[in-house]
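Novice: The opening residue of the sequence shown carries number 14 in my numbering; numbering runs sequentially from there.
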Amino acid sequence: MKILVTGGVGFIGSHTVVELDRAGYQPVIVDNLYNSNLDVLKGIREITGKDFPFYNIDCNDTEKVRELFEKEKFDGVIHFAAYKAVGESVDKPLNYYENNLISLLVLLRTMKEFNVKNFVFSSSCTVYGQPEQLPVTELTPRQPATSPYGNTKAIAEDIIRDHVYSRPDIKAISLRYFNPIGAHESSLIGELPNGVPSNLVPFITQTAAGLRASLTVFGNDYDTEDGTCIRDFIHVVDLAKAHVKALERLNEEEKDNYYDVFNVGTGEGYTVLELINTFEEVNGVRLNYTIGPRREGDVEKIYAQSDKVNNVMKWKAEKTMADALRDAWNWQLKITPKK
Ligand code: WQD
Numbered sequence: 014m015k016i017l018v019t020g021g022v023g024f025i026g027s028h029t030v031v032e033l034d035r036a037g038y039q040p041v042i043v044d045n046l047y048n049s050n051l052d053v054l055k056g057i058r059e060i061t062g063k064d065f066p067f068y069n070i071d072c073n074d075t076e077k078v079r080e081l082f083e084k085e086k087f088d089g090v091i092h093f094a095a096y097k098a099v100g101e102s103v104d105k106p107l108n109y110y111e112n113n114l115i116s117l118l119v120l121l122r123t124m125k126e127f128n129v130k131n132f133v134f135s136s137s138c139t140v141y142g143q144p145e146q147l148p149v150t151e152l153t154p155r156q157p158a159t160s161p162y163g164n165t166k167a168i169a170e171d172i173i174r175d176h177v178y179s180r181p182d183i184k185a186i187s188l189r190y191f192n193p194i195g196a197h198e199s200s201l202i203g204e205l206p207n208g209v210p211s212n213l214v215p216f217i218t219q220t221a222a223g224l225r226a227s228l229t230v231f232g233n234d235y236d237t238e239d240g241t242c243i244r245d246f247i248h249v250v251d252l253a254k255a256h257v258k259a260l261e262r263l264n265e266e267e268k269d270n271y272y273d274v275f276n277v278g279t280g281e282g283y284t285v286l287e288l289i290n291t292f293e294e295v296n297g298v299r300l301n302y303t304i305g306p307r308r309e310g311d312v313e314k315i316y317a318q319s320d321k322v323n324n325v326m327k328w329k330a331e332k333t334m335a336d337a338l339r340d341a342w343n344w345q346l347k348i349t350p351k352k
């Protein structure tokens, strides 16, 4: 089965391309390289031994997307391509609403025109805002998003749901990721944000590698055991495998119009300081960090209840946070120029 992977040169997209190949699918990669670079394709080739079709296309470009669907007969789409920096979305909300929502509408319309019936969407736990009760389940009410980025994910879910209910003959799943971290065990692909990382783990590995002077921990006055925020850190390879499981779920589904959402997390919550301590222990390095003020928009604590994805898709996180931090460090060592 041929699967369009938008954002397939990105962090989660590239790891998912590898797992799709391993599961016998034929991935086709689309990416506009806004937050990724072509070296990632070399890493994918070294891991899989294959050159997958790659198109440098912006998913907002209706004509280019239609030409692609005319050329490649897809059996499904996994849609990662989106802007994802929480802080940047506060500064540039119109860019985020336009890019993240127009690309979704273009894809859904083109899928309908070309009769492509299976759609997996990259959503996020950010749609829960700061939940009242933990762990969050899929029935936990969504809270008003704490950022325009988060709001684009919530609105996107509603667009997909309403589209499916109009019975266009499509089956769709939204996967609500928690915090993806780590890298492929080969260190051939990993997280490679352009510019200054906004996410915790790439900032940690770049600091430990001497590329950054010090990490700032954003606040230690939260209502948690050590005062720092709690997150559900999931290995990116486990997350990639969840997308293969989601495609299998769609293929098995008999109903011709189906939509469902799944939390994809480990079910464990760890504080930022616990992650830092684990990073130092598993890698035998000292991390230079200071405690700073809270970051605007941060949720205090969130972690998943993943029973639904475990039961329905038979998917469970297999790797630990320590595995992810070891893999992230090995990846950083690989890509950091030797002094
Ligand atoms: C994690 C924790 C920070 C950087 C966002 C999106 C989510 C997903 C992942 C795409 C927080 C703290 C961070 C730093 C720090 N996006 N931190 N110093 O905000 O939980 O989630 O990214 O898939 O949808 O919402 O991730 O890694 O930015 O922050 O102390 O330099 O680390 O305060 O508590 P976040 P994050």
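No residue lacks a Cβ here, since even glycine has one placed at the ideal position from N, Cα and C.
Quick caveat: nothing in here was measured; it's all calculated off a predicted structure.
Please find out if some non-hydrogen atom of the ligand WQD comes closer than 8 Å to the beta-carbon of R147.
Specialist: In the sequence shown, residue 147 corresponds to position 134, counting from 1. The amino acid occupying residue 147 in the given sequence is Leu; Arg does not appear at that position. Because no heavy atom of the ligand WQD lies under 8 Å away, the Cβ of L147 does not count as near it: no.
Novice: What I want to know is whether the C-beta of F216 ends up closer than 8 Å to one or more non-hydrogen atoms of the ligand WQD.
Specialist: Within the sequence shown, residue 216 is the residue found at index 203, counting from 1. F216 Cβ: within cutoff of the ligand WQD.
Novice: Cβ of G20 within 9 Å of Cβ of S49?
Specialist: Translated into positions along the sequence shown, residue 20 becomes position 7. Translated into positions along the sequence shown, residue 49 becomes position 36. Taking 9 Å as the Cβ cut-off, G20 and S49 qualify as a contacting pair.
Novice: Give the secondary structure of Y19 by DSSP, where H, G and I count as helix, E and B as strand, and everything else as coil.
Specialist: Numbered from 1 along the sequence shown, position 6 holds the residue referred to as residue 19. Note on identity: in this sequence residue 19 is Thr, with Tyr being the wrong assignment. It is a strand residue.
Novice: Within 10 angstroms of its Cβ, does D251 collect 16 or more other Cβ (buried), or is it exposed?
Specialist: Within the sequence shown, residue 251 is the residue found at index 238, counting from 1. With 16 or more other Cβ atoms within 10 Å, it is buried.
Novice: According to the neighbour-count rule (16 or more other Cβ atoms, all chains shown, within 10 Å of its Cβ), is Q146 buried or exposed?
Specialist: For this step, residue 146 is matched to residue 133 along the sequence shown. It is exposed - the Cβ of Q146 has fewer than 16 other Cβ atoms within 10 Å.
Novice: When DSSP builds the beta bridges, which residues end up paired with K184?
Specialist: By 1-based counting over the sequence shown, the position of residue 184 is 171. For K184, which the question treats as bridged, DSSP gives the partners N131, Y271.
Novice: Would you list, in sequence order, the uninterrupted alpha helix (DSSP H) runs of no fewer than 4 residues that lie entirely inside the stretch 61 to 132?
Specialist: Fully enclosed alpha helix (DSSP H) runs of 4 or longer: 75 to 84, 99 to 104, 106 to 126.
Novice: Is there contact between the stretch 219 to 231 and the stretch 170 to 181, where contact requires at least three CB pairs shorter than 8 Å?
Specialist: Counting Cβ pairs under 8 Å, fewer than three are found: no touch.
Novice: What are the residues that DSSP puts in a beta bridge with V353?
Specialist: The structure shown does not extend to residue 353, since the chain spans only 14 to 352, so no value can be given for it.
Novice: Distance check for I289 and T218, CA to CA, integer angstroms please.
Specialist: Position 205 of the sequence shown holds residue 218. Position 276 of the sequence shown holds residue 289. Distance between the alpha carbons of T218 and I289 is about 10 Å.
Novice: H248 by DSSP, collapsed to three states: which one?
Specialist: In the sequence shown, residue 248 corresponds to position 235, counting from 1. Strand, per DSSP.
Novice: On the CB-based measure, 16 or more other CB atoms within 10 Å of its CB, does V30 come out buried or exposed?
Specialist: Here residue 30 corresponds to residue number 17 of the sequence shown, with the count starting at 1. When all chains shown are included, V30 counts as buried.
Novice: Hey, is D273 close to the ligand WQD, as in C-beta under 8 Å from one of its heavy atoms?
Specialist: Position 260 of the sequence shown, counted from the start, is the residue given in the question as residue 273. No, the beta carbon of D273 sits no closer than 8 Å to any heavy atom of the ligand WQD.
Novice: Across the stretch 175 to 192 and the stretch 121 to 141, are there enough close Cβ pairs to call them in contact, namely three or more that are closer than 8 Å?
Specialist: Taking 8 Å as the limit for Cβ pairs, the verdict is that the stretch 121 to 141 does touch the stretch 175 to 192.
Novice: Based on the DSSP output, what are the partners of V230 in its beta bridges?
Specialist: Stepping through the sequence shown from its first residue, residue 230 is reached at position 217. Bridge partners of V230: I304.
Novice: Taking just the CA atoms, how far does T61 sit from K332?
Specialist: Taking the sequence shown and counting its residues from 1, one reaches residue 332 at position 319. Taking the sequence shown and counting its residues from 1, one reaches residue 61 at position 48. Each residue's alpha carbon lies about 21 Å from the other.
Novice: For V355, which three-state DSSP category applies?
Specialist: No statement about residue 355 is possible, as the shown extent of the chain runs from 14 to 352 and does not include it.
Novice: Report yes if the C-beta of R244 is less than 8 Å from at least one heavy atom of the ligand WQD; otherwise report no.
Specialist: Start at 1 with the first residue of the sequence shown, and residue 244 comes out as number 231. Yes, the ligand WQD has a heavy atom inside 8 Å of this Cβ.
Novice: According to DSSP, is T291 helix, strand or coil?
Specialist: Numbered from its first residue, the sequence shown carries residue 291 at position 278. Note: T291 maps to helix in three-state DSSP.
Novice: Would F67 pass as a contact of D44 if the rule is Cβ separation under 9 Å?
Specialist: Reading the sequence shown from its first residue, position 54 is the one you call residue 67. Reading the sequence shown from its first residue, position 31 is the one you call residue 44. Result yes, Cβ atoms of F67 and D44 sit closer than 9 Å.
Novice: Using a Cβ-Cβ cut-off of 8 Å (strictly less than) and excluding sequence neighbours within five positions of L118, which residues of its own chain qualify?
Specialist: Here residue 118 refers to the residue found at position 105 when the sequence shown is read from its first residue. Excluding residues within five positions, the ones whose Cβ falls inside 8 Å are I172.
Novice: Leaving out five residues before and five after V214 in sequence, what residues of the same chain have Cβ atoms less than 6 Å from its Cβ?
Specialist: Position 201 of the sequence shown holds residue 214. Closer than 6 Å at the Cβ level, and outside the excluded window around V214, lie I194, A341.
Novice: Taking the alpha carbon of K86 as the point to measure from, which residue in V53, V78, H92 has its own alpha carbon closest?
Specialist: Within the sequence shown, the letter at position 73 stands for residue 86. Cα-wise, what sits closest to K86 is V78.
Novice: Pair every Cβ in the stretch 114 to 130 with every Cβ in the stretch 296 to 306, then say whether three or more of these pairs are closer than 8 Å.
Specialist: Judged by Cβ distances under 8 Å, the stretch 114 to 130 makes no contact with the stretch 296 to 306, as fewer than three pairs qualify.
Novice: Go ahead and label R262 buried or exposed: buried means 16 or more other beta carbons lie within 10 angstroms of its beta carbon, across all protein chains shown.
Specialist: Mapped onto the sequence shown, residue 262 falls at position 249. Burial call: buried.
Novice: In three-state terms, what does DSSP make of V214?
Specialist: Translated into positions along the sequence shown, residue 214 becomes position 201. Here V214 sits in helix by DSSP.
Novice: At a cut-off of 8 Å, is V285 close to the ligand WQD when judged by its beta-carbon and the heavy atoms of the ligand?
Specialist: Here the question's residue 285 lines up with position 272 in the sequence shown. Yes, Cβ of V285 sits closer than 8 Å to a heavy atom of the ligand WQD.
Novice: Could you check if N164 belongs to the surroundings of the ligand WQD, using beta carbon to heavy atom distance under 8 Å?
Specialist: Position 151 of the sequence shown, counted from the start, is the residue given in the question as residue 164. Not under cutoff, so the answer is no.
Novice: So if DSSP puts A317 in a beta bridge, which residue, or which two residues, is it bridged to?
Specialist: Along the sequence shown, read from residue 1 onward, the residue named residue 317 stands at position 304. Paired residue(s): V149.
Novice: Please tell me whether G278 and A317 are closer than 9 Å, where the distance is taken between their beta carbons.
Specialist: Translated into the one-based positions of the sequence shown, residue 278 becomes position 265. Translated into the one-based positions of the sequence shown, residue 317 becomes position 304. Contact: yes.
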